[in-house]
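For the working numbering, count along the sequence shown from 1 and bump the result up by 253. No residue lacks a Cβ here, since even glycine has one placed at the ideal position from N, Cα and C.
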Amino acid sequence: MSGKRGIVIVGGGTAGWLAAAYLARVFDGRVAVTLLESSEIGIIGVGEGAFPTIRSTLQFLGIDESRFIRAASATFKQGIRFDDWLHAATPEGERHRYLHPFEAPFYTEGTSLVPYWLLQDHATRPPFADAMTIQNRVAEAQRAPKRPGEGDYAGPLNYAYHFDAARLAEVLRARAVELGVRHLEGKLTRVDQAEDGSIARVHTAEHGALEGDLYLDCSGFRAELIGKTLGTRLKSVKHQLFTERALACKLPYGSPDAPIESFTVATAHPAGWTWDIGLQGARGIGCVYSSAHMDDAEAAEILRGYIGHDDYSARIIPFEPGYRETQWVKNCVAVGLAGGFLEPLESTGIVLIEAAVAMIADFYPHHGRADASARRFNQLMTARYETIINFLKLHYCLSRRDEPFWRDNRNTASIPEALQALLEAWRHRPPSRFDFLVDLESFAFFNYQYILYGMDFRTDLSGARADFPDMAGAEKLFARIRSFGARATEDLPTHRALIRQINEGASLGA
Ligand code: FAD
254 MSGKRGIVIV GGGTAGWLAA AYLARVFDGR VAVTLLESSE IGIIGVGEGA FPTIRSTLQF
314 LGIDESRFIR AASATFKQGI RFDDWLHAAT PEGERHRYLH PFEAPFYTEG TSLVPYWLLQ
374 DHATRPPFAD AMTIQNRVAE AQRAPKRPGE GDYAGPLNYA YHFDAARLAE VLRARAVELG
434 VRHLEGKLTR VDQAEDGSIA RVHTAEHGAL EGDLYLDCSG FRAELIGKTL GTRLKSVKHQ
494 LFTERALACK LPYGSPDAPI ESFTVATAHP AGWTWDIGLQ GARGIGCVYS SAHMDDAEAA
554 EILRGYIGHD DYSARIIPFE PGYRETQWVK NCVAVGLAGG FLEPLESTGI VLIEAAVAMI
614 ADFYPHHGRA DASARRFNQL MTARYETIIN FLKLHYCLSR RDEPFWRDNR NTASIPEALQ
674 ALLEAWRHRP PSRFDFLVDL ESFAFFNYQY ILYGMDFRTD LSGARADFPD MAGAEKLFAR
734 IRSFGARATE DLPTHRALIR QINEGASLGA
């Protein structure tokens, strides 16, 4: 490629292809987008869970929902169920579990039901998610969040997807190429820098030199441009988020009719947690752990115990929890794993890619210099990472489990100060939207409510009972949620049935 007005993307994983398709769609041929990827190096190929934001991204890219589900072997994800996070299974076999659904708690004009739930008898009230939304019941009954014909990317309940990570990248690649992205297969061998330190060109053995006015580093953990060439530092957050290894495998279903869960099952273990994701033809299962608290052999044993046999092969994926505070340097921006990765909990990898790509589209330096935009980008991405760290840490620090990993997670020194301050406030009132700057947040105040109250956090409103006088009205609304939930569970197809219908050609479009 010669001359200016071009974006060169190094890397063809989810980050590279999502960025390529998004920018090609935004710039509609006015800015050339070239993507270089090496099939010899390959992609990381993990990351099977998304967040609901993926729906508007896929819709913006013009990808038909039913075709996406078929091509990416996708299923519907209505949230995450956390098993054994509050306490380990008791000797009597009693287990704790709660759902973090994507649907916001039921809310009527001016009335939040949250204080009323908090004022109910702790011993007899239903679990928070069960009281607040019909989604808990629908998901537990293995129902889909929608029916065919309800409209692409639309439906009565909020949802995201589980998918085959490699096939997601393929779907995005096909769309990006349709949108005019130039796809080059080859390896980056050398990078030339200009006098001011910016990237002048990248070299490949197969295609010679590639030049652009903006370079996206989507080369994954290798961080070829942002790390190796420009030397920006990864800020480790291992002292706050302890897990840094995963052992991942795929497991076929016992039968083609086996139900498919429409939530990720996240089961805590002595030094981390295990993910269990229902894809179309198999379950993706992985054990995430802290090597300071558990060695590889113990983790393998946890995974084997979870699966119940050893007829599978797993691979170890080490990662450094952290992010680069400077992700945009001169004419280079890191997107995806090259910019950072915290851990798999709550599926924040793709969310961060989406956030970065949307900003790059707006901040693209049409007229040359991008220093001020770069500063803003770095500020906003840092704020996003920091708030996600708080949200992830919340899951760990509320646990009452007794193993060293969990005790260390409760150690105040490992809890970010901002989270400590919020927890202090939430002892006297529930999380509010004013606790957060909405534009920087991936997770809203109600996501925090689901985790806090799922984990039996106590917000004491007993002295404020008189401020919430309409308990009878609230009880009526709680009863309505229960009856709507029962009706929805009858009306919605099972998750497996909907996936089958889509594979047989049914369209979700209205
Ligand atoms: P990669 O997939 O590694 O792609 C890098 C690309 O760069 C490849 O195409 C490679 O060939 C290319 N490349 C590298 N060097 C060169 C070179 N020299 N020349 C040419 N090409 C080169 N995210 C979620 O949203 N949800 C999840 O549930 C989730 N779970 C995860 C679990 C684990 C254990 C891990 C580690 C991550 C998880 N993630 C998850 C994060 C997710 O995997 C990534 O955000 C996503 O896959 C994007 O990866 P990437 O494109 O940045 O990197």
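By the C-beta criterion, the region 464-483 is judged not to be in contact with the region 629-640, since fewer than 3 inter-stretch pairs fall below 8 angstroms.
The beta-bridge partner set that DSSP reports for Ala519 consists of Phe335, Trp528. For Asn584, the closest of Tyr617, Ala567, Leu595 by C-alpha to C-alpha distance is Tyr617.
A distance criterion of 6 angstroms places the beta-carbon of Pro597 in contact range of the ligand FAD, judged by its closest non-hydrogen atom.
In this structure, Glu497 has its beta carbon at no less than 6 angstroms from each heavy atom of the ligand FAD.
Annotated three-state conformation of His681 is coil, per DSSP. In the three-state reduction of the DSSP assignment, Gln446 falls in the strand class, which pools E and B.
For Glu290, the three-state secondary structure derived from DSSP is strand. Straight across, the Cα-Cα distance linking Ser292 with Ala419 is about 12 angstroms.
In the three-state reduction of the DSSP assignment, Arg486 falls in the coil class. Linking Leu556 to Arg629 through their CA atoms gives a straight-line distance of about 42 angstroms.
A check of alpha carbon separations from Pro354 across Pro344, Gly363, Lys330, Asp374 identifies Lys330 as the nearest. A distance below 8 angstroms between beta-carbons, with the five flanking residues on each side excluded, links Ile297 to the following residues of its chain, in chain order: Gly266, Ala418, Gly473, Phe474, Ile570, Leu590. In terms of Cβ geometry, Ile530 and Thr517 form a close pair [threshold 7 angstroms].
Secondary structure at Lys399: coil, using DSSP grouped into helix, strand and coil.
For Tyr351, the beta-bridge partners assigned by DSSP are Phe335.
Within 10 angstroms of the beta-carbon of Tyr565 lie fewer than 16 other beta-carbons, which makes it exposed. Here the region 305-316 makes no contact with the region 753-763; the two share fewer than three CB pairs at distances below 8 angstroms. When only Cα atoms are considered, Arg536 and Ala521 end up about 18 angstroms apart. Here Gln702 is buried, its C-beta having at least 16 other C-beta atoms within 10 Å.
For Leu595, the secondary structure class from DSSP, reduced to helix, strand or coil, is coil.
Between Ala567 and Cys502, the C-beta gap is smaller than 7 angstroms, which places the two residues in contact.
In the three-state scheme derived from DSSP, where H, G and I count as helix and E and B as strand, His748 is classed as helix. Of all C-beta pairs linking the region 638-646 to the region 598-606, three or more are shorter than 8 angstroms, placing the two stretches in contact.
Contact between Asp445 and Arg454 is confirmed by a C-beta separation of about 5 angstroms, below the 8 angstroms threshold.
DSSP, read as helix, strand or coil, puts Leu410 in coil.
Per DSSP, reduced to three states, the secondary structure at Ser543 is coil, with no helix or strand assignment. Comparing C-alpha distances from Trp528 to each of Phe280, Ala739, Ile333 shows the shortest one belongs to Ile333. Shown here for Cys650: same chain residues with a beta carbon closer than 7 angstroms to its own, the five before and five after excluded, namely Asn662, Arg663, Ile668 in chain order.
Judged by DSSP secondary structure, Tyr703 falls within the alpha helix (DSSP H) whose first and last residues are 698-707. Judged by the Cβ position, Glu757 fails to qualify as a neighbour of the ligand FAD at the 6 angstroms threshold, every heavy atom of the ligand being at least this far. The ligand FAD has a heavy atom closer than 6 angstroms to the beta-carbon of Lys440. For Pro368, the enclosing alpha helix (DSSP H) begins and ends at 367-372.
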